[in-house]
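Engineer: The structure's right below; bear with me while I get my questions together.
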Amino acid sequence: MKILTLVRQVPDAEARVKINAGAVDLEGTTLVIDGMDEYGVEEALRLRESGANVEEIVALAVGPKRVEDALRTALAMGVDRAIHVETDEKLDPIALSRVVAQVAQAEGAGLILVGGQEADWDSQALGAATAERLGWPQLTWTNELKVEGETLTGRHDVDDGNESFRAPLPAVVTTQQGLNEPRYPTLPNIMKAKRKELRKDDLGGYGTQPTVRVVNAEIQTRARLNRMIDGKDPQAAAAQLLDLLRNEAKVLA
Amino acid sequence: MILIVAEHAGGKLAKATLEMVTAARAVLESGGGREGPVTVLVLGQNVAEVANAAAAVADQVLVADLPGLATYTAETWAAATAQIAGEGEAHTVVIGGSRSGREYAPRVAVKLDAPYLEDAIRLTANGDTLQAQRYTYLARVTETVEAGGPVVVVTVKPGSFAAAAPLPTPGEQYDVELDLPAPRVEVTGRSVEKTSRVALTEADVIVTGGRGVGNSENFSAYVEGLADRIGAGVGATRAVVDAGWRPYAEQVGQTGKTVQPKAYVALGVSGAVQHLSGMGKSRYIVAINKDAEAPIFKVADYGIVGDVNQIVPALIEAAGK
């Protein structure tokens, strides 16, 4: 089986996000491989290490030139090769799923791993849209995964708790925190990664275009009262807080 | 027509459905030429009560009461929704922004070859175009996005719209037949996290505990104690859930639930950006933490620098007076 693992490059969680002329400006921002995607890369490696029949692990990224860095990280973690569909076009998940599905088909992938909700577009759609295009089942918010032959078993979160599942391959799995602890690339592996194949591809051949247009973006933080209450006398602090919640904010009866 | 897929659980219509009706009416009233009726599709088995509740707020209700819909799966819900949207020539399909809603909505969009506006907090129509606001970058940015075409699929973020009030006359109900695919995902076990308290996504007030609470006994005494005293829901941070003090169902944040209560009381919560992305839109935020430098204070309306172990018992006592 071939595993295709998707990689997005996002601002570091602690990085400040800037807006310029109504759009998010990532110039000068520290960018990293998305944390949820990283669980997918790690899980692909672990499935192989656990003895599942994994013939090859391929990392895919779609985006501008800089996205190479995220793919290099995946290669250094241990994926076998990478495909970079290089474009400055901003594709929404529905448009992007067209690319992912075509790559999966061309590669003969049997399992796709992708982050459950990446930290740039706060979307959960890519895995599901890709599964639909391929006619595959999907398991979202997965925190335990096993592959035995052509069967996938594991556990994932649902609306009101979690479920254990069994599903046939091929399938799409979206990953999240709790699934594993991603490894750090070691120096020898970083050196080795430089010699691994990173294929460049052109978006033109995939026949896709954005279906959603971003009109505007703004940092909209609600103005907070930031009123500090002295905590030295717990009883007085408690009384003051309750008074504010009841009589000023009017959120408590 | 504008098609809303009802969210329901335990035989009850979820508040999210009433919010979706308001979102749908906002689209129709913005004068973009998208027209009604506001149609609610109820998928499930033994859903008569849910259908009646939906009829109170909708122009019409389509009911698919079928054994094949006894339990939710992404593949069956997507197939059912796309089929009804296609047959009814829906121009807008509105789905709840719950975990399951955001799981099958993209499949509906692909089936209908429609654009998808995910997790909308505002919705307006402008001619052929539907415009939505949504949060991105861990809810640090508010983006306005738009998409056009004969049909657009939308999910609506819970808590972003007011609940629709009942209409003077309930909408008509119609039974519908569906061609459902056999689901390929087999559920082999299920752990439902029940709570006797109000559901997090429906609570007006939420009391959340973080690692700063100390341990699971303190969590029960202080977080649950205060929540019960003031009639609030109970939330937890990722760290607390990972430590096994609390069930996953209570987790608030990027990998847990997104909440928007009138008041969010954070006890011993440091305020990591992943947590803020799940609760940062609450109307009032209260923070109690020993660490004066904790990032949670930056977003707090009312803050107390102090020990949860001392302040909260005083609060519980004072709240009872």
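Taken in order, these protein sequences are the chains called A and B. Residue numbering for the first sequence follows the numbering used here, beginning at 1 and increasing consecutively. Residue numbering for the second sequence follows the numbering used here, beginning at 1001 and increasing consecutively. Idealized CB from N, CA, C, for every residue including glycine.
1. Please report the distance separating the alpha-carbon of G1011 of chain B from that of G1086 of chain B.
2. Assuming P185 of chain A contacts E42 of chain A under a Cβ cut-off of 8 Å, what Cβ separation, rounded to an integer in Å, is found between them?
3. Chain B beta carbons: is any one of them nearer than 8 Å to that of S50 of chain A?
4. Pick helix, strand or coil for V1050 of chain B, following the three-state DSSP scheme.
5. Give, in chain order, every residue of the region 1247-1261 of chain B whose Cβ lies closer than 7 Å to some Cβ of chain A.
6. Cβ of R1107 of chain B less than 8 Å from any chain A Cβ?
7. Kindly list, in the order they appear in chain B, the residues whose Cβ is closer than 8 Å to that of T338 of chain A.
8. List, in order along the chain, the chain B residues whose C-beta lies closer than 7 Å to that of T211 of chain A?
9. Considering only residues of the region 184-220 of chain A, which uninterrupted beta strand (DSSP E) runs meet the minimum length of 3 residues and lie entirely inside it, listed in chain order?
10. Which residues does DSSP pair with N20 of chain A in a beta bridge?
11. Just checking, does the region 1026-1033 of chain B make contact with the region 1111-1128 of chain B on the three C-beta pairs under 8 Å criterion?
12. Could you tell me whether the Cβ atoms of E1007 of chain B and G1101 of chain B are closer together than 8 Å?
13. Taking beta-carbon pairs under 9 Å, can you tell me which members of the region 1298-1313 of chain B lie near chain A?
14. Between V1153 of chain B and A13 of chain A, what straight-line distance do the alpha-carbon atoms span, to the nearest angstrom?
15. What residues from the region 146-175 of chain A come within 7 Å of chain B, judged by C-beta to C-beta, listed N to C?
16. Name the chain A residues whose beta carbon is nearer than 8 Å to that of A1191 of chain B?
17. Output needed in chain order: residues of the region 20-32 of chain A with a Cβ under 8 Å from some Cβ in chain B.
18. Short of 6 Å in beta carbon distance, which residues of its chain neighbour A1372 of chain B, apart from the five on each side in sequence? Order them along the chain.
19. Taking Cβ-Cβ distances shorter than 8 Å, what residues in chain E pair up with K1111 of chain B?
20. Return the residues of the region 104-133 of chain A that lie within a Cβ-Cβ distance of less than 9 Å from chain B, sorted by chain order.
21. Since I believe I1296 of chain B is in contact with I1304 of chain B (beta carbons under 8 Å), could you give me their beta-carbon distance rounded to a whole number of angstroms?
22. Counting only C-beta atoms, is I1230 of chain B closer than 8 Å to chain A at any point?
23. Note down the Cα distance separating S50 of chain A from L75 of chain A, rounded to an integer number of angstroms.
24. What residues of chain A sit near R1184 of chain B, judged by a beta carbon separation below 7 Å?
25. So what does DSSP say about S1277 of chain B, is it helix, strand or coil?
26. Please state the DSSP three-state secondary structure of Y1222 of chain B.
27. Cβ-heavy atom distance between K1281 of chain B and the ligand GTP below 7 Å?
28. Using the beta-carbon of each residue, which ones in chain B are nearer than 7 Å to M1 of chain A?
29. Might you give, ordered along the chain, the residues of its own chain that have their beta carbon closer than 6 Å to the beta carbon of G1233 of chain B, omitting 5 neighbours on each side?
30. Considering only the alpha carbon of each residue, which of B:Y1104, B:E1049, B:M1001, B:A1074 lies closest to G1088 of chain B?
31. Between V1213 of chain B and chain A, is there a C-beta pair that is closer than 8 Å?
32. Please list the residues of the region 230-250 of chain A that have a C-beta atom closer than 7 Å to any C-beta atom in chain B, keeping them in chain order.
33. Under 6 Å Cβ to Cβ from Q9 of chain A, same chain only, skipping five residues before and after it: list those, please.
34. I'd like the span of the alpha helix (DSSP H) that includes L75 of chain A, first residue to last.
Structural biologist: Walking through what the data contain:
1. Reading the second sequence from its first residue, position 11 is the one you call residue 1011 of chain B. Reading the second sequence from its first residue, position 86 is the one you call residue 1086 of chain B. Taking the straight line joining both Cα atoms gives about 27 Å.
2. As a first step, residue 185 of chain A is located in the first sequence; it is residue number 185 there, counting from the start. As a first step, residue 42 of chain A is located in the first sequence; it is residue number 42 there, counting from the start. Going by Cβ atoms, the distance from P185 of chain A to E42 of chain A rounds to 11 Å, so no, they are not a contact pair.
3. Numbered from its first residue, the first sequence carries residue 50 of chain A at position 50. Chain B contact via Cβ: absent.
4. Residue mapping note: residue 1050 of chain B aligns to position 50 of the second sequence, counting from 1. Three-state result, V1050 of chain B: helix.
5. Y1248, A1249, Q1254, T1255
6. Counted from its first residue, the second sequence places residue 1107 of chain B at position 107. Output row for R1107 of chain B: interface = yes.
7. Lying before the first or after the last residue shown, residue 338 of chain A is absent from chain A, which here runs from 1 to 253.
8. If you number the first sequence from 1, residue 211 of chain A lands on position 211. Within chain B, the residues near T211 of chain A are P1115, A1147.
9. 198-202, 213-218
10. Residue 20 of chain A sits at position 20 when you count from the first residue of the first sequence. DSSP, once it has assigned bridges, lists A:A23 as partnering N20 of chain A.
11. yes
12. On the second sequence, position 7 is the one that residue 1007 of chain B refers to. On the second sequence, position 101 is the one that residue 1101 of chain B refers to. Contact flag set, yes.
13. K1298, V1299, A1300, D1301, Y1302, G1303, I1304, V1305, G1306, D1307, Q1310, I1311, V1312, P1313
14. Within the second sequence, residue 1153 of chain B is the residue found at index 153, counting from 1. Within the first sequence, residue 13 of chain A is the residue found at index 13, counting from 1. The alpha-carbon atoms of V1153 of chain B and A13 of chain A are separated by roughly 29 Å.
15. D157, V158, D159, D160, G161, N162, E163, S164, F165, R166, A167, P168
16. Translated into positions along the second sequence, residue 1191 of chain B becomes position 191. Note on identity: in this sequence residue 1191 of chain B is Ser, with Ala being the wrong assignment. Within 8 Å Cβ-Cβ: G161, N162, E163.
17. V24
18. Given a span of 1001 to 1321 for chain B in the structure shown, any question on residue 1372 of chain B remains unanswerable.
19. In the structure shown, chain E does not exist; the protein chains are A and B.
20. G116, Q117, A119, D120, W121, D122, S123, Q124, A125, L126, G127, A128, A129, T130, A131, E132, R133
21. Working through the second sequence from its first residue, we reach residue 1304 of chain B at position 304. Working through the second sequence from its first residue, we reach residue 1296 of chain B at position 296. At roughly 11 Å, the Cβ-Cβ gap does not stay under 8 Å, so I1304 of chain B and I1296 of chain B are not in contact.
22. To locate residue 1230 of chain B, count along the second sequence from 1; it is residue 230. Chain A contact via Cβ: present.
23. Here residue 50 of chain A refers to the residue found at position 50 of the first sequence. Here residue 75 of chain A refers to the residue found at position 75 of the first sequence. Cα to Cα, the separation comes out at about 19 Å.
24. Taking the second sequence and counting its residues from 1, the one referred to as residue 1184 of chain B is at position 184. The answer, in chain order, is P137, A167, P168.
25. Position 277 of the second sequence, counting from 1, holds the residue named residue 1277 of chain B. Helix at S1277 of chain B.
26. Numbered from 1 along the second sequence, position 222 holds the residue referred to as residue 1222 of chain B. Correct three-state label for Y1222 of chain B: helix.
27. Inclusion of the ligand GTP in the displayed structure is not the case, the ligand content being empty and no account of it being possible.
28. On the first sequence, residue 1 of chain A is found 1 positions in, with the first residue counted as 1. Within chain B, no residue comes near M1 of chain A; the closest Cβ sits about 17 Å away, beyond 7 Å.
29. Counted from its first residue, the second sequence places residue 1233 of chain B at position 233. Within the same chain, G1233 of chain B has close Cβ partners R1197, V1198, L1200, A1203, I1206.
30. Here residue 1088 of chain B refers to the residue found at position 88 when the second sequence is read from its first residue. Considering only alpha carbons, the answer is B:M1001.
31. As a first step, residue 1213 of chain B must be located in the second sequence, where it is residue number 213. No, because no Cβ of chain A sits closer than 8 Å to the Cβ of V1213 of chain B.
32. G231, P234, Q235, A237, A238, A239, L241, L242, L244, L245, A249
33. The residue labelled residue 9 of chain A in the question sits at position 9 within the first sequence. Counting only Cβ-Cβ distances below 6 Å, and skipping sequence neighbours, we find L31, V67, A70.
34. Residue mapping note: residue 75 of chain A aligns to position 75 of the first sequence, counting from 1. Segment 68-77, the alpha helix (DSSP H) holding L75 of chain A.
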